[in-house]
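Step one of this worksheet: look at the structure below.
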């Protein structure tokens, strides 16, 4: 039984300038965030640190972003954006065991602190009456993340808190979209998102139990570099065709395809402790370390609609959408359980 008291103050502003060829903006923000835990009961296992008000954590954060649209002519545009932002950690990942006591991760994890995000994108866009298209390259480096999970461990017979600090992640890739009219009433659409979302360093983990003051691990090295961020298809595409009728009705179909989707990896299986009993050529070593890739998947979607006009001033639109008309089943997400027995890896 506990409360979290949190406060946040933010000041931000933006300036814009528009010319015949150029639209540009520059924005900035500064914020002050703070929070602390207040235990409403004293836990018998932690009589001095569970009840009452804990230490207040405060963070000064800032951000700046800028962007420009360059109009080559009335049909061709170049867009660019860039940003650097810092974000405070959440309370859920700031305590050794938030359910039971006020002990702070910052007291034992040297790389605990604000998240730092550097991102940008560059787009080329074309607009004509018969075709519209755009292609974008995006880049986002997210550093010093706090990764927190809580689970029940049947070996320790209690909830276990798993907190990684200093986790770095890179998301980058290409996005393309096009819509064109091939005949008077027939339109084609296409889209492709080709990305790579990976962890880029070796963070450290602090592992604690709710029923013991002894930490299960402190600053355990996680060999997470080049593992995939889970539960998102990193490549996806869609093609569609649509027919627009003469009397304000339309019908269309889309084919969507997803690939390079991975389960969320258990960091504790990517540690020296998890594989110390095995040699690198042992099949069980690969079974522990390798990240499962989910099968590729597709859907076919149907859409139809009609517009009505009453008394020349009242309008009504009816739309029917059926997703996955072929009713095929597939796995779109998954996680490796955090419970892990090195003596029985299939448990």
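In the numbering used here, the protein residues as written are 2 to 348. Glycine is no exception: its CB is placed at the ideal position from the N, C-alpha and C atoms.
Cα-Cα separation between residue 53 and residue 198, rounded to whole angstroms:
Distance between the alpha carbons of residue 53 and residue 198 is about 42 Å.
Straight-line CA distance for residue 139 to residue 163?
The straight-line gap from Cα to Cα measures roughly 31 Å.
How long is the line joining the alpha carbons of residue 220 and residue 68, rounded to whole angstroms?
Rounded to whole angstroms, residue 220 to residue 68 spans 40 Å at the Cα level.
Judging by CA-CA distance, which residue of 224, 142, 55 and 7 is the nearest neighbour of residue 272?
Out of 224, 142, 55 and 7, 224 has the C-alpha closest to the C-alpha of residue 272.
Please go through the same chain and pick out, in chain order, the residues whose beta-carbon is closer than 7 Å to the beta-carbon of residue 307, but skip the five residues on each side of it.
For residue 307, where only same-chain residues beyond five positions count, the Cβ hits under 7 Å are 249, 250 and 319.
First and last residue of the uninterrupted alpha helix (DSSP H) at residue 287
For residue 287, the enclosing alpha helix (DSSP H) starts and ends at 284-290.
Only counting runs of 3 or more residues, tell me where the beta strand (DSSP E) segments fall wholly within the region 56-115, in order along the chain.
The region 56-115 contains these whole beta strand (DSSP E) runs: 58-72 and 77-88.
Buried or exposed by the 16-neighbour rule on C-beta atoms within 10 Å, applied to residue 211
By the 10 Å Cβ count, residue 211 comes out buried.
Find out if the Cβ-Cβ distance for the pair residue 191, residue 336 is shorter than 8 Å.
The Cβ atoms of residue 191 and residue 336 lie no closer than 8 Å to each other.
Determine, using beta carbons only, whether residue 165 and residue 130 come nearer to each other than 8 Å.
Taking 8 Å as the Cβ cut-off, residue 165 and residue 130 do not qualify as a contacting pair.
Does the region 144-158 come close enough to the region 98-116 that 3 or more CB-CB pairs lie under 8 Å?
Remark: three or more beta-carbon pairs, one from each stretch, lie closer than 8 Å, so the region 98-116 and the region 144-158 are flagged as touching.
Residues in its own chain within less than 6 Å of residue 17 by CB, not counting five upstream and five downstream?
Result list for residue 17: 26, in chain order.
For a test of the three-state rule: what should DSSP assign to residue 274, helix, strand or coil?
Annotated three-state conformation of residue 274 is helix, per DSSP.
Measure how close the beta-carbons of residue 256 and residue 301 come, nearest whole angstrom, since I'm counting them as under 8 Å.
Sure, about 6 Å apart at Cβ, within 8 Å.
Beta strand (DSSP E) segment containing residue 229, residue limits
Run containing residue 229: none; DSSP gives neither H nor E here.
Where does residue 15 land, buried or exposed, given buried means 16+ other C-beta within 10 angstroms?
Label assigned to residue 15: exposed.
Whether residue 58 touches residue 107 by CB criterion (8 Å):
Result yes, Cβ atoms of residue 58 and residue 107 sit closer than 8 Å.
Residue 100 versus residue 5: straight-line alpha-carbon distance, rounded:
Taking the CA atoms as reference points, residue 100 sits about 11 Å from residue 5.
As a quick exercise: from 259, 195, 323 and 102, pick the residue whose alpha carbon is nearest that of residue 50.
It is 102 whose Cα lies nearest to the Cα of residue 50.
Give me, in chain order, the residues of the same chain whose beta-carbon lies closer than 6 Å to that of residue 81; leave out the 5 immediate sequence neighbours on both sides.
69 and 123, listed in sequence order.
Which residue's Cα is closest to the Cα of residue 342: 312, 264 and 274?
Minimum Cα distance to residue 342 is reached at 274.
Mind checking whether residue 61 and residue 33 have CB atoms under 8 Å apart?
With respect to the 8 Å criterion, residue 61 and residue 33 are classified as neighbours on the basis of their beta carbons.
Grab me the residues of residue 46's own chain with a C-beta within less than 8 Å of its C-beta, minus the 5 sequence neighbours each way, in chain order.
By the criterion of a C-beta distance shorter than 8 Å, residue 46 is surrounded in its chain by 101, 212, 213 and 214, once the five residues flanking it on both sides are discounted.
Whose C-beta lies closer than 7 Å to the C-beta of residue 183 among residues of the same chain, with five residues either side of it excluded?
Excluding sequence positions up to five before and after residue 183, its CB lies within less than 7 Å of the CB of 189, all in the same chain and listed in chain order.
Can you name, in chain order, every residue of its own chain whose Cβ lies under 8 Å from the Cβ of residue 346, other than the five neighbours on each side?
For residue 346, where only same-chain residues beyond five positions count, the Cβ hits under 8 Å are 285, 288 and 289.
Could you please give the first and the last residue of the uninterrupted beta strand (DSSP E) stretch that includes residue 154?
Unbroken beta strand (DSSP E) run through residue 154: 132-154.
Beta carbon proximity, residue 310 to chain C, threshold 8 Å
In the structure shown, chain C does not exist; there is a single protein chain.
Kindly indicate the opening and closing residues of the beta strand (DSSP E) around residue 29.
DSSP places residue 29 in the uninterrupted beta strand (DSSP E) bounded by 23-40.
Are the Cβ atoms of residue 90 and residue 7 separated by less than 8 Å?
Cβ distance not < 8 Å, so residue 90 and residue 7 don't count as in contact.
How is the beta strand (DSSP E) around residue 322 delimited, first residue to last?
Segment 315-323, the beta strand (DSSP E) holding residue 322.
Is it right to say residue 161 is buried, meaning 16 or more other beta carbons lie within 10 angstroms of its own, or is it exposed?
The residue in question, residue 161, is buried, as its Cβ has 16 or more Cβ neighbours within 10 Å.
May I ask you to report which of helix, strand or coil DSSP gives residue 269?
Helix at residue 269.
Please state whether the Cβ-Cβ distance between residue 201 and residue 170 is less than 8 Å.
It is a contact, given that the beta carbons lie within the stated cut-off.
Assuming residue 167 and residue 195 make a contact with CB atoms under 8 Å, what is their CB distance in whole Å?
The C-beta distance from residue 167 to residue 195 rounds to 29 Å, too long to meet the 8 Å contact threshold.
Could you tell me the alpha carbon to alpha carbon distance between residue 241 and residue 328, rounded to whole angstroms?
Taking the straight line from one Cα to the other gives about 18 Å.
Pull the bridge partners of residue 249 from the DSSP assignment, please.
According to DSSP, which records beta bridges pairwise, residue 249 is partnered with nothing at all.
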